[in-house]
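Chains A and B are the protein sequences, given in the same order. Count along the first sequence from 1, add 1, and you get the number used in the numbering used here. Count along the second sequence from 1, add 1, and you get the number used in the numbering used here. Where a beta carbon is used, it is the ideal one built from N, C-alpha and C, also for glycine. Notes to accompany the following structure.
Number of protein chains: 2
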Amino acid sequence: MQTVGPVRSFSWPCMLNGMDVVKQKSVHKAAESKLAELSFRYTTARKRLVELLAKTDGPLTLPEILATDKKLAQSSAYRNLEVLVQCKIVDRISGIKEHAHYELSEFFTGHHHHLFCLSCGDVQDIEIDNCVEDTIASLFESVLKEKAFKPAGHTLDLHGYCASCI
Amino acid sequence: MQTVGPVRSFSWPCMLNGMDVVKQKSVHKAAESKLAELSFRYTTARKRLVELLAKTDGPLTLPEILATDKKLAQSSAYRNLEVLVQCKIVDRISGIKEHAHYELSEFFTGHHHHLFCLSCGDVQDIEIDNCVEDTIASLFESVLKEKAFKPAGHTLDLHGYCASCI
DNA sequence: TTAAAAATGAGAATCGTTATCAAAACAGTA
DNA sequence: TACTGTTTTGATAACGATTCTCATTTTTAA
Numbered sequence: 002m003q004t005v006g007p008v009r010s011f012s013w014p015c016m017l018n019g020m021d022v023v024k025q026k027s028v029h030k031a032a033e034s035k036l037a038e039l040s041f042r043y044t045t046a047r048k049r050l051v052e053l054l055a056k057t058d059g060p061l062t063l064p065e066i067l068a069t070d071k072k073l074a075q076s077s078a079y080r081n082l083e084v085l086v087q088c089k090i091v092d093r094i095s096g097i098k099e100h101a102h103y104e105l106s107e108f109f110t111g112h113h114h115h116l117f118c119l120s121c122g123d124v125q126d127i128e129i130d131n132c133v134e135d136t137i138a139s140l141f142e143s144v145l146k147e148k149a150f151k152p153a154g155h156t157l158d159l160h161g162y163c164a165s166c167i
Numbered sequence: 002m003q004t005v006g007p008v009r010s011f012s013w014p015c016m017l018n019g020m021d022v023v024k025q026k027s028v029h030k031a032a033e034s035k036l037a038e039l040s041f042r043y044t045t046a047r048k049r050l051v052e053l054l055a056k057t058d059g060p061l062t063l064p065e066i067l068a069t070d071k072k073l074a075q076s077s078a079y080r081n082l083e084v085l086v087q088c089k090i091v092d093r094i095s096g097i098k099e100h101a102h103y104e105l106s107e108f109f110t111g112h113h114h115h116l117f118c119l120s121c122g123d124v125q126d127i128e129i130d131n132c133v134e135d136t137i138a139s140l141f142e143s144v145l146k147e148k149a150f151k152p153a154g155h156t157l158d159l160h161g162y163c164a165s166c167i
């Protein structure tokens, strides 16, 4: 069961999970070129990871990834996800519970945020209002003034209880 | 060296790190009563933890806590911090780097957010504009409508590089 | 006091993640 | 194609933060 989500208002190459075949191809192309920039190869194992994350709606843990694609070896998956994160192809979300979650980076999915289920540890994507984003951006400015701190990004995550845990 | 920070605009019992002796006493009183609610005792070890966190400016890791108070045992410190978190006396901040950070809960310190240093893993407290908070609150509303998700809190954290890592 | 319950602390165990290393796959060159 | 050096792989071991175990100590309440 794989559904296509709502269209997001970001410029190319912002794409959605559950993206169609044409878009998936450009994901692979972009991934390959991003890897090449750091002299990494776009191997079969790495392609399988990107493929899997591209067709999945929402971030996955490593056990979930391994369960979905039985051909992936644990140690290689960890190593390759690290490489993909380094090349900004994948984002790693360190959650509240045990396992980290992985998803295609915001380069592909567009800037978004997360819902963390405090009960089961599941993580969902959410988009938020541009006006909130703008406010956060202005917050950056004031932090820059008050503190000697060089901002590089932010996380605005909501914690609560997901449908299956309510 | 222990300084008193700026006054925050939250109702009692919002207090600051580096709080004075009188306020520290009320922290202990509140901690004791919160523990009692769940039938926990306010033991010496727990008091030492609260004392330490109350007089420190910003969240601490467990190694930092043990280094500061040599009388605390590692396993007991972990166990007691867990109890204190459970009683909402302490907040646990799972950072980007290895160790989690602990600080007095927002019940004592007021609602605030964090700066994560991507380089050294240090975590600082920051306060943000009420208007940002309001926007986030309204965000909750829309999430409630769109998803079957029961919100319980949020984190708005800035990632970047702290003064000593720039 | 005394008995039951809770807390302690040293060490062992757990578990997500990372490192190791020999074998396999690959790229470039002649 | 064969050669050579580099990258990747995957099984396994190691690591490290946190949690668990359990005998001992402390505390509570009768």
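Problem - Contacts of D158 (chain B) in chain A (Cβ-Cβ under 7 Å) - result: If you number the second sequence from 1, residue 158 (chain B) lands on position 157. The answer, in chain order, is H155, T156.
Problem - Residues near H113 (chain A) in its chain [Cβ-Cβ closer than 6 Å; skip 5 each side] - result: Position 112 of the first sequence, counted from the first residue, corresponds to residue 113 (chain A). Only D126, E128 meet the Cβ criterion.
Handout entry: Meets three-Cβ-pair contact criterion under 8 Å: the stretch 34-53 of chain B and the stretch 83-94 of chain B
Key = yes
Exercise for the section: Would you mind listing the alpha helix (DSSP H) stretches within the stretch 75-126 of chain B that are 4+ residues and don't spill past its ends, in chain order? Expected result: 75-87, 107-110
Problem - 8 Å CB neighbourhood of F11 (chain B) in its chain, flanking five on each side removed - result: Your numbering for residue 11 (chain B) matches position 10 in the second sequence. Caution is warranted here: a pLDDT of 34 is assigned to F11 (chain B), below 50, making its placement in the model unreliable, and no coordinate value can be reported.
Practice task
For D158 (chain B), name the three-state secondary structure that DSSP assigns.
Solution key: As a position in the second sequence, residue 158 (chain B) is number 157, starting the count at 1. Looking at D158 (chain B) - three-state DSSP - the assignment turns out to be strand.
Handout entry: Stretch pair the stretch 94-106 of chain A + the stretch 45-61 of chain A: three plus CB contacts closer than 8 Å
Key = yes
Problem - Residue-level contact to chain B via CB, L73 (chain A), 8 Å cutoff - result: Residue numbering aside, residue 73 (chain A) sits at position 72 when the first sequence is read from its first letter. Chain B contact via Cβ: absent.
Handout entry: Assigned exposure category for E147 (chain B) - 16 Cβ within 10 Å defines buried
Key = Counting from 1 along the second sequence, the entry for residue 147 (chain B) is found at position 146. Exposed, because fewer than 16 other Cβ atoms sit within 10 Å of the Cβ of E147 (chain B).
Exercise for the section: Would you mind reading off the limits of the alpha helix (DSSP H) that contains I137 (chain B)? Expected result: For the purposes of this step, residue 137 (chain B) is taken as the residue at position 136 of the second sequence. From DSSP, the alpha helix (DSSP H) with I137 (chain B) extends over 131-147.
Handout entry: C-alpha gap between C88 (chain B) and R49 (chain B), whole angstroms
Key = Position 87 of the second sequence, counted from the start, is the residue given in the question as residue 88 (chain B). Position 48 of the second sequence, counted from the start, is the residue given in the question as residue 49 (chain B). Approximately 16 Å, taken between the alpha carbons.
Exercise for the section: Report yes if the C-beta distance between C163 (chain A) and F150 (chain B) is below 8 Å; otherwise report no. Expected result: Walking along the first sequence from the start, residue 163 (chain A) turns up at place 162. Walking along the second sequence from the start, residue 150 (chain B) turns up at place 149. Yes.
Handout entry: C-alpha gap between C166 (chain A) and F117 (chain A), whole angstroms
Key = The count along the first sequence starts at 1 and reaches residue 166 (chain A) at position 165. The count along the first sequence starts at 1 and reaches residue 117 (chain A) at position 116. Roughly 12 Å between the two C-alpha positions.
Problem - Neighbour list for I167 (chain A) in chain B, Cβ cutoff strictly below 9 Å - result: Taking the first residue of the first sequence as 1, we reach residue 167 (chain A) at position 166. Neighbours of I167 (chain A) on chain B, chain order: A149, F150, K151.
Problem - Rounded straight-line distance, which links the Cα of V124 (chain A) to that of I137 (chain B) - result: Counting from one through the second sequence, the residue named residue 137 (chain B) turns up at place 136. Counting from one through the first sequence, the residue named residue 124 (chain A) turns up at place 123. I137 (chain B) and V124 (chain A): Cα-Cα distance of roughly 19 Å.
Practice task
Taking I66 (chain A) as part of the alpha helix (DSSP H), name the residues at either end of that continuous run.
Solution key: Residue 66 (chain A) sits at position 65 when you count from the first residue of the first sequence. Start and end: 63-69.
Exercise for the section: Could you have a look at A31 (chain B) and say whether DSSP puts it in helix, strand or coil? Expected result: Your numbering for residue 31 (chain B) matches position 30 in the second sequence. Note: A31 (chain B) maps to helix in three-state DSSP.
Practice task
Tell me whether K151 (chain B) sits in a helix, a strand or coil according to DSSP, three-state version.
Solution key: Your numbering for residue 151 (chain B) matches position 150 in the second sequence. Strand at K151 (chain B).
Handout entry: Under 8 Å between C-beta atoms of H160 (chain A) and H155 (chain B)
Key = Residue numbering aside, residue 160 (chain A) sits at position 159 when the first sequence is read from its first letter. Residue numbering aside, residue 155 (chain B) sits at position 154 when the second sequence is read from its first letter. Yes, they are a contact pair.
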